[in-house]
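In this text, residue positions in the sequence shown follow the UniProt record's numbering: the first is 428, and each later residue adds one.
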Amino acid sequence: KHALAQEIQNQPAITLDGIEIDLYLNAGLLIDIEQLKITAAKGVGLYRTEIPFMMQHEFPTVETQVKLYSELRHAAGSHPVIFRTLDIGGDKALPYLRSMEDDNPVLGWRAIRIGLDRPMLLRYQLRALIQAAAGKELHLMFPMIAELEELLEAKRLLGLELERTQKHKKRNPPSSIKIGIMIEVPSIVWSLSSILPHVDFVSLGSNDLSQFFFAADRTNPYLADRYDVLSPSFLNILQHVAKTCKIAQKPLTLCGEMARNPLEAMALLMIGYRSLSMAPSCIGNIKLMIRSLNLKSATEYLQTITKKYKKTLRQDLSDYAKDHHI
Ligand code: PEP
Ligand code: MG
C-alpha cells in the first residue's frame with residue numbers, strides 16, 4: 428500500500444462516485460513547500476509562522492520576516508499559501524519572548540491573545556506579510572479566536588498596517604486580502620453564524636478543538652487513548668461546523684491531525700468536509716482512500732450507525748473500510 432500511495436500522490440483526489448476533494452499541505456519550513464509539485468496539492472492550507480520564529484534567537488525583524496515570507500511565496504509559485512499569524516504559547520514557546528509564568532499554558536496567554544495584547548508584535552508580522560504579498564493575493568489566518576471581538580480587533584490592526592502601506596509611495600499593497608480564522612476554541616463554534624460574515628474562509632484545527640472539547644491535554648500520554656475524535660459527540664460538533672459554513676457559503680478546510688489518517692479523513696468526508704490540509708507525507712495515503720471510496724454510499728452508511736449511541740464509531744468505520752476495500 429505504501430508503494431501505491433507514493434505512486435498515486437500526484438493523481439487527482441476524486442472519489443469513485445466523482446466527488447472532488449481539495450487537498451492542501453500543512454507547512455512550517457521552506458522544504459515542505461517543495462512538496463507542492465510532488466503531491467499536486469492545491470496550495471498550503473496552513474503555514475505555521477511560529478515554526479521559523481522558534482528557530483531564531485531573537486524576535487525576527489520586519490526585514491527578516493519579509494525575506495522569509497517572500498521566499499515561501501516564491502517557492503509556492505501560483506499556489507495559494509495561507510499564512511497563520513503567530514501561534515505561540517501553549518506547547519510552542521519562544522525562548523526570547525518574555526511572558527508570565529502560566530499555570531495552564533495551553534489555556535493561557537497564547538496565540539492571538541498575545542498578538543492583541545502586544546499589538547506591535549502582531550503589526551510587525553502583518554506589515555511583513557503585506558510587503559511580501561505586494562501586488563498579489565494574501566491569505567491571512569488568525570489562530571485561537573474565541574470571540575468575534577478578537578477577530579474585529581485583529582482586523583483593525585491589519586487595517587492600520589494597510590493604511591500605512593498606502594501612505595508609502597513606493598509600496599504596492601496586496602492585490603486582495605482573504606481573511607480566515609482557525610476554529611479551535613469551542614466558544615467560537617457556538618457563535619459561528621455571527622462571525623462568518625466577517626471572514627472569507629475558515630479552517631478547523633481538530634488538535635486544539637478536540638483538546639478543549641474533551642478538556643484533555645493533547646500532549647498528555649495518560650490521556651492519549653481516553654477520548655476518540657471518532658466519538659459521536661466530536662463528530663457532531665464537526666458536522667455542525669460543516670453545515671453552518673455550507674449555509675453561509677464560506678470555504679471550510681480541516682487542518683488538524685485528523686485529516687492525515689485515512690480512517691478519520693473518511694469520517695470527515697462522510698460528515699460533509701470537502702477540503703483537508705495535512706503534512707505532505709500523508710497525501711498519498713489519503714488519496715488512496717479517496718480514490719477507493721464511494722462517498723454517497725459511505726454517507727448513507729454513516730447515518731445507519733449513528734442511530735444508536737456508541738462511545739466511538741472507530742470499529743464500525745474500520746469494518747466498513749475493510750469490507751469495501753478502502
Ligand atoms: C490544530 O490545532 O489542529 C492546528 C492545526 O494547529 P496546531 O496544531 O498548530 O495547534
Ligand atoms: Mg492549534
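Backbone N, C-alpha and C define an ideal beta-carbon position, used for all residues, glycine too. The model shown is predicted, which means the values in this text are computed figures rather than measured ones.
{"Asked": "For the region 507 to 535, which segments carrying the alpha helix (DSSP H) assignment without a break, of at least 4 residues, lie completely within its bounds, in sequence order?", "Found": "none"}
{"Asked": "Return the CA-CA distance between A440 and R511, expressed in angstroms with no decimal places.", "Found": "25 Å"}
{"Asked": "Between E611 and ligand 1, is there a pair consisting of the residue's CB and a ligand heavy atom that are separated by less than 7 Å?", "Found": "yes"}
{"Asked": "Beta-carbon within less than 8 Å of I622's beta-carbon, same chain only, minus the 5 sequence neighbours each way: which residues are those?", "Found": "I572, L575, L578, I608 and I615"}
{"Asked": "Contact check, V612 vs F639 under 8 Å by CB: the rounded distance?", "Found": "6 Å"}
{"Asked": "From the DSSP output, read off the bridge partner residues of L657.", "Found": "Paired residue(s): none; L657 is not in a bridge."}
{"Asked": "Sorted by chain position, which residues of the same chain lie with C-beta nearer than 7 Å to C709's C-beta, five sequence neighbours on each side aside?", "Found": "R687"}
{"Asked": "Do I557 and L589 have their C-beta atoms closer together than 8 Å?", "Found": "yes"}
{"Asked": "Within the present structure, is the beta-carbon of D514 separated from the nearest heavy atom of ligand 2 by less than 7 Å?", "Found": "yes"}
{"Asked": "Since S633 is in the alpha helix (DSSP H), which residue starts that stretch and which ends it?", "Found": "S633 to F640"}
{"Asked": "Shortest alpha-carbon distance to D449 belongs to which of I753, R718 and H751?", "Found": "R718"}
{"Asked": "Would you list, in sequence order, the uninterrupted beta strand (DSSP E) runs of no fewer than 3 residues that lie entirely inside the region 593 to 617?", "Found": "603 to 610"}
{"Asked": "Under 7 Å from any heavy atom of ligand 1, does the C-beta of G711 make it?", "Found": "no"}
{"Asked": "Can you list, in chain order, the residues of its chain whose CB lies under 6 Å from that of A454, leaving out five sequence neighbours each side?", "Found": "I460, V471 and Y474"}
{"Asked": "Among M685, D627, L657 and K714, which residue has its Cα nearest to the Cα of A675?", "Found": "D627"}
{"Asked": "Where A581 and N712 are concerned, what is the direct C-alpha to C-alpha distance, given to the nearest angstrom?", "Found": "37 Å"}
{"Asked": "In whole angstroms, what separates the C-alpha of Y736 from that of Q593?", "Found": "57 Å"}
{"Asked": "What do you reckon, are the CB atoms on K677 and G699 nearer than 8 Å?", "Found": "no"}
{"Asked": "Between V533 and Y649, what straight-line distance do the alpha-carbon atoms span, to the nearest angstrom?", "Found": "17 Å"}
{"Asked": "Between the region 477 to 484 and the region 516 to 531, do three or more beta carbon pairs fall short of 8 Å?", "Found": "yes"}
{"Asked": "Using the three-state DSSP reduction, which class does L720 fall into: helix, strand or coil?", "Found": "coil"}
{"Asked": "Can you round the beta-carbon distance between S633 and T680 to whole angstroms, since I take them to be within the 8 Å contact cut?", "Found": "With a Cβ gap of about 11 Å, S633 and T680 do not count as contacting."}
{"Asked": "Spatial neighbours of A643 within its chain, please: C-beta separation below 6 Å, excluding the five flanking residues on both sides.", "Found": "L650 and Y654"}
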